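Peer 1: Dropping a structure here in C-alpha cells format, bear with me for questions.
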Amino acid sequence: MRAVDLGCLEGGYSVELAKMGFDTLGIEARQENIDKCNFVKENLGLQNLHFAMDDVRNLPKYDKFEVNICYGLLYHLNDPVAFLKTVSECTTKILLLNTHFAPDRDLRYELGHLNRYVIAPIQKRAKALAPQQNYRLSPMTTNEGYAGRWFREWSKTAGKAKIEKMLWASYNNNRSFWLRKKDQTKVLHDVGFGSVFEQFDYTGDIAPDNYTSRHSRTMFVAIKH
Ligand SMILES: C[S@@+](CC[C@H](N)C(=O)[O-])C[C@H]1O[C@@H](n2cnc3c(N)ncnc32)[C@H](O)[C@@H]1O
Numbered sequence: 004m005r006a007v008d009l010g011c012l013e014g015g016y017s018v019e020l021a022k023m024g025f026d027t028l029g030i031e032a033r034q035e036n037i038d039k040c041n042f043v044k045e046n047l048g049l050q051n052l053h054f055a056m057d058d059v060r061n062l063p064k065y066d067k068f069e070v071n072i073c074y075g076l077l078y079h080l081n082d083p084v085a086f087l088k089t090v091s092e093c094t095t096k097i098l099l100l101n102t103h104f105a106p107d108r109d110l111r112y113e114l115g116h117l118n119r120y121v122i123a124p125i126q127k128r129a130k131a132l133a134p135q136q137n138y139r140l141s142p143m144t145t146n147e148g149y150a151g152r153w154f155r156e157w158s159k160t161a162g163k164a165k166i167e168k169m170l171w172a173s174y175n176n177n178r179s180f181w182l183r184k185k186d187q188t189k190v191l192h193d194v195g196f197g198s199v200f201e202q203f204d205y206t207g208d209i210a211p212d213n214y215t216s217r218h219s220r221t222m223f224v225a226i227k228h
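Everything in the sequence shown is counted per my numbering, starting at 4 for the first residue and increasing by one.
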C-alpha cells in the first residue's frame, strides 16, 4: 500500500509509516526540512521511503495513495476546501487529519487590534489568564463557501529568506483559513469521504484531557466507502 505524509517537516511520521511497510512519500515545501528528511533516509536505508520537495497542492503529480496523513498542515493553507478536494481525489482508503479548527464563539476574535496588540500579548505572558489559547484569529467569516476564521502567518512583505527560515509555517500563502469544526466535517463529506470520525484518544497520555478545547485542535479520521 502507498502512504503519503503531507507537510512532513523532518520526516518522522514518514519513517514510521515506511517501517510499517507502506511505500511512503513525504511531501515538504522547505529546503532545510527536506535536507533533514533525506539525511534520515540515507541513514536508515529504507528503500520504501521517499521525499519530494513540493507544495502539497501538487499532490496529484504523485498519483493515488491508500493512506493519507495530513498532520499540522491544513491550517497552514488559505484554500483548505480546494485542497481537501484534491486530497480526496488522491486518497483511496483513509485520511488521518490532525488539525486546528476555528472556535465557534470567542469574543476576543471580535475585538481586532485590541486583541492582537493588547489581550493576546498579555495572555501569552500569563497563561493562566487564557484557558483557551489566543491565536489572534479574525471574526467568523466565510471562505470557499464555508465558515471559519483567518490566521495571519507572516507579513505580506516578508522576504523569501525569512519565509524559508520559518520551518513550521505556511509557505505560499501569508494567511491561512481555519474552518469551523462543523464546517470541517461537512467539507470532508462534501469532497467524498463517506464516513468522518473524531478520534479522542490521539494524544494518548502525553497531553492533558483539555488539549482539544484549549488548543482548538483535534484528529479526524475520514474513510472512503
Ligand atoms: C506545523 S508543521 C507540521 C509538521 C508535521 N506534519 C507534524 O505534524 O509534526 C507544518 C509543515 O508543513 C510544511 N508546509 C507548510 N505549507 C506547505 C505547503 N504548501 N506545501 C508543503 N509543505 C508545507 C511546513 O514547512 C512544515 O514542515
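We treat Cβ as the ideally placed atom computed from N, Cα and C, and that holds for glycine. Since we're looking at a predicted model, the values are computed, not measured.
Just to confirm, does N36 get its C-beta within under 7 Å of one of the non-hydrogen atoms of ligand 1?
Peer 2: As a first step, residue 36 must be located in the sequence shown, where it is residue number 33. True, at least one ligand heavy atom lies under 7 Å from that Cβ.
Peer 1: Classify K184: buried if its beta carbon has 16 or more other beta carbons within 10 angstroms, exposed otherwise.
Peer 2: If you number the sequence shown from 1, residue 184 lands on position 181. With 16 or more other Cβ atoms within 10 Å, it is buried.
Peer 1: Excluding the 5 residues preceding and the 5 following V224 in the sequence, name in chain order all residues of the same chain whose CB lies nearer than 8 Å to its CB.
Peer 2: Here residue 224 is taken as the residue at index 221 of the sequence shown, counted from 1. I97, L98, L99, L100, V199, F200, E201, Q202, listed in sequence order.
Peer 1: Using the C-alpha atoms, what's the distance from Q126 back to Y120?
Peer 2: For the purposes of this step, residue 120 is identified with residue 117 of the sequence shown, where counting begins at 1. For the purposes of this step, residue 126 is identified with residue 123 of the sequence shown, where counting begins at 1. Approximately 11 Å between the Cα atoms of the pair.
Peer 1: Whose C-alpha, out of F25, I166, T188, is nearest the C-alpha of F35?
Peer 2: For this step, residue 35 is matched to residue 32 along the sequence shown. The displayed chain sequence assigns Glu, not Phe, to residue 35. Of F25, I166, T188, the residue nearest in Cα terms is I166.
Peer 1: Since A6 sits in a beta bridge, which residues does DSSP pair it with?
Peer 2: Position 3 of the sequence shown, counted from the first residue, corresponds to residue 6. In DSSP, A6 forms a bridge with T27, V70.
Peer 1: How about the stretch 41-56 and the stretch 19-27: do they share at least three Cβ pairs that are nearer than 8 Å?
Peer 2: A contact exists between the stretch 41-56 and the stretch 19-27.
Peer 1: What are the partner residues of T145, as DSSP defines its beta bridges?
Peer 2: Here residue 145 refers to the residue found at position 142 when the sequence shown is read from its first residue. Answer by DSSP bridge pairing, in chain order: A150.
Peer 1: Given 8 Å as the limit, is there contact between the stretch 156-172 and the stretch 55-73, that is, 3 or more CB pairs closer than that?
Peer 2: As far as the Cβ criterion goes, the stretch 156-172 does not touch the stretch 55-73, which means the pair count is below three.
Peer 1: Along the chain, where does the alpha helix (DSSP H) that runs through Q126 open and close?
Peer 2: The residue you call residue 126 lines up with position 123 of the sequence shown. Note, Q126: alpha helix (DSSP H), 123-128.
Peer 1: Looking at the structure shown, is L77 part of a helix, part of a strand, or coil, going by DSSP?
Peer 2: Position 74 of the sequence shown, counted from the first residue, corresponds to residue 77. Residue state, collapsed to three classes: helix.
Peer 1: For G14, tell me which candidate among A32, V43, A6, S216 has the shortest Cα-Cα distance.
Peer 2: Taking the sequence shown and counting its residues from 1, the one referred to as residue 14 is at position 11. Nearest of A32, V43, A6, S216 to G14, Cα basis: V43.
Peer 1: Measure the Cβ-Cβ separation of R217 and W181 and say whether it is below 8 Å.
Peer 2: Against the sequence shown, residue 217 aligns to sequence position 214. Against the sequence shown, residue 181 aligns to sequence position 178. Taking 8 Å as the Cβ cut-off, R217 and W181 do not qualify as a contacting pair.
Peer 1: Just to confirm before moving on: does the CB-CB distance between D57 and A32 stay below 8 Å?
Peer 2: Sequence index remark: in the sequence shown, residue 57 carries index 54 (1-based). Sequence index remark: in the sequence shown, residue 32 carries index 29 (1-based). A contact, by the Cβ cut-off of 8 Å.
Peer 1: Could you check the C-alpha separation between Q136 and I226 for me, to the nearest Å?
Peer 2: Counting from one through the sequence shown, the residue named residue 136 turns up at place 133. Counting from one through the sequence shown, the residue named residue 226 turns up at place 223. If I take the Cα positions, the gap works out to 30 Å.
Peer 1: Can you name, in chain order, every residue of its own chain whose Cβ lies under 8 Å from the Cβ of T89, other than the five neighbours on each side?
Peer 2: Residue numbering aside, residue 89 sits at position 86 when the sequence shown is read from its first letter. Correct list, in chain order: R60, L62, P63.
Peer 1: Nearest-angstrom Cα distance between L80 and L87?
Peer 2: Here residue 80 corresponds to residue number 77 of the sequence shown, with the count starting at 1. Here residue 87 corresponds to residue number 84 of the sequence shown, with the count starting at 1. Approximately 10 Å between the Cα atoms of the pair.
Peer 1: Tell me which same chain residues have a C-beta within less than 6 Å of the C-beta of L49, skipping the five on either side of it?
Peer 2: On the sequence shown, residue 49 is found 46 positions in, with the first residue counted as 1. Correct list, in chain order: A21.
Peer 1: In or out: A6 buried (at least 16 other Cβ within 10 Å) or exposed?
Peer 2: The residue given as residue 6 occupies position 3 in the sequence shown. Classification for A6: buried.
Peer 1: Out of curiosity, what's the CA-to-CA distance linking A210 and W171?
Peer 2: Along the sequence shown, read from residue 1 onward, the residue named residue 210 stands at position 207. Along the sequence shown, read from residue 1 onward, the residue named residue 171 stands at position 168. Cα-Cα distance, rounded: 20 Å.
Peer 1: With hydrogens ignored, establish whether the beta-carbon of Y205 is closer than 7 Å to any heavy atom of ligand 1.
Peer 2: The count along the sequence shown starts at 1 and reaches residue 205 at position 202. No, ligand 1 has no heavy atom inside 7 Å of this Cβ.
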